[in-house]
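Input: a single structure, listed below in structure tokens.
Residue numbers (the numbering used here): 810 to 1096.
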């Protein structure tokens, strides 16, 4: 197996994939289904992922400097951070004045159809987010949400404005990848999360300014748990850190967001792909 540069993961048509490039300097980008028997070895070398023109790892260009980030926690070198134009969209404040300050290619996002959603992940706070209309389900899956509710369909500028208004009420815009891969959830915890999500939907109608309430729609609800395979897990997997030079081999039995659960003989192990991004990897997946 040849070393390839691991750019990350994504979900497409309800299934998870690893995204790899032939080398940090360039070459073909490959999408590998994250299923079947996985054999993985991590190289200690780690390189800049390269700038992207969107949220998907497949939109990344190679780092022009092939910057070596071994020993750091950075995903991009300083030069590629400056070239990542999508950061302007993430910082956009949802106002007309803010739109005029955006680069032209990012300004175009303001007119495109977007959705605003709430997402529940377990015991953590209910999160607010926005997504392009055509990627709403994939976006929820990539984050590892257990439950989601689309609450508005508006243009990009209105979506960002509503997202920020909801964030001001205490709903976070981002959830951090925890130190423990999250692949297991009990039926009781899922029921409790469903109740909290419904309470949050009511809370928004009560506390949002009237001009923002006017954008809300009847919620479109999503239960993402059937996609992950987590309902079949008999117990919580043991979280591991994939160390360079160590072989990780097992059958993929569940994937939630970027958290992967492997059956290895009598043990269930779990790791998060995000923590491997940028490394060179030897990878084999057999369906």
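Built from N, CA and C at the ideal position, the CB exists for glycine as well.
Residue i versus residue j - alpha carbon distance
i, j, result
"residue 1003", "residue 872", "42 Å"
"residue 1009", "residue 812", "46 Å"
"residue 1027", "residue 926", "12 Å"
"residue 1090", "residue 969", "37 Å"
"residue 916", "residue 895", "11 Å"
"residue 1078", "residue 1068", "10 Å"
"residue 890", "residue 1013", "35 Å"
"residue 972", "residue 1066", "22 Å"
"residue 931", "residue 956", "9 Å"
"residue 881", "residue 1020", "45 Å"
"residue 963", "residue 919", "10 Å"
"residue 852", "residue 1017", "49 Å"
"residue 1097", "residue 900", "Lying before the first or after the last residue shown, residue 1097 is absent from the chain, which here runs from 810 to 1096."
"residue 865", "residue 940", "12 Å"
"residue 860", "residue 903", "24 Å"
"residue 833", "residue 869", "11 Å"
"residue 994", "residue 909", "44 Å"
"residue 965", "residue 1055", "44 Å"
"residue 1082", "residue 817", "7 Å"
"residue 837", "residue 821", "19 Å"
"residue 988", "residue 1084", "At residue 988, the pLDDT of 43 sits below 50, so the modelled position is not reliable; the number obtained from the coordinates is stated separately. Roughly 10 Å between the two C-alpha positions."
"residue 835", "residue 867", "12 Å"
"residue 960", "residue 1006", "12 Å"
Check whether residue i and residue j have beta carbons under 9 Å apart
i, j, result
"residue 951", "residue 819", "yes"
"residue 921", "residue 947", "no"
"residue 1048", "residue 1080", "yes"
"residue 848", "residue 1064", "no"
"residue 992", "residue 1039", "yes"
"residue 1051", "residue 845", "no"
"residue 1132", "residue 823", "Nothing can be reported for residue 1132, as the shown portion of the chain is limited to 810 through 1096."
"residue 1092", "residue 815", "yes"
"residue 982", "residue 1022", "no"
"residue 999", "residue 1034", "yes"
Neighbour flag for residue i against chain D, beta carbons, 9 Å
i, result
"residue 959", "Checking the listed chains, one finds no chain D in this structure; it contains a single protein chain."
With 16 other Cβ atoms within 10 Å as the buried cut-off, status of residue i
i, result
"residue 876", "buried"
"residue 1087", "buried"
"residue 850", "buried"
"residue 843", "buried"
"residue 879", "exposed"
"residue 945", "buried"
"residue 953", "buried"
"residue 830", "buried"
"residue 1095", "exposed"
Counterpart residues of residue i in DSSP-defined beta bridges
i, result
"residue 846", "1060 and 1095"
"residue 925", "939 and 961"
"residue 1076", "1073"
"residue 817", "828"
"residue 1068", "1065 and 1081"
"residue 979", "Answer is none; residue 979 lacks a bridge partner."
"residue 1088", "855"
When the options are compared against residue i, the one with the closest alpha-carbon
i, options, result
"residue 854", "1062, 883, 923 and 1011", "883"
"residue 1075", "1044, 1050 and 1055", "1044"
"residue 828", "858, 846 and 1053", "858"
"residue 775", "826, 887, 974 and 933", "Residue 775 is absent from the model: the chain starts at 810 and stops at 1096."
"residue 984", "898, 929 and 874", "929"
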